[in-house]
Structure formats: structure tokens, C-alpha cells
Amino acid sequence: MISKEVLHVTNEITKFGANHITVKVFASIVYFTLRDMQMYCLDLELKEVPK
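So the number in my numbering is just where the residue sits in the sequence shown, counting from 1, plus 28.
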């Protein structure tokens with residue numbers, strides 16, 4: 029599922045001649061990468077031993 033934000037960015041970027049499919053795929057990859065990074069960082073913070 030693609031969020032409304034990704035669709036909005038896709039529509040804006042395609043005005044500059046980018047392919048709709050390429051932009052959607054790239055945006056989805058970036059979104060899931062950032063989400064995974066946030067989960068990884070949260071996991072590290074929860075495992076950290078308090079001083």
C-alpha cells in the first residue's frame with residue numbers, strides 16, 4: 029500500500045519528467061528503509077544498559 033504522501037511526491041516529481049513507476053518504487057524503498065532503521069535504533073535503545 030502506498031501512502032498519500034508518497035503519491036503526492038510522485039505526482040510532483042513526475043512533473044519534471046520522472047517515470048511514475050520508478051518514483052513509486054524508489055519512494056517505497058526509502059520509506060521501508062527508514063522505518064527499519066527506526067526500529068533498529070529503538071531496539072538498540074531498549075537493550076542499552078542504563079548508567
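C-beta: ideal position from N, C-alpha, C; glycine also. Here the structure is a predicted model, which is why all the values come from computation and not from measurement.
query: Assigned secondary structure, Ala55 (DSSP; H/G/I helix, E/B strand, else coil); result: helix
query: Residue from Arg63, Ser31 and Leu62 whose Cα sits closest to the Cα of Lys52; result: Ser31
query: Helix, strand or coil at Phe60 [DSSP, three-state]; result: helix
query: Distance, Asp64 Cα to Asp71 Cα; result: 10 angstroms
query: Supposed close pair His48, Thr38 - CB separation, criterion 8 angstroms; result: 6 angstroms
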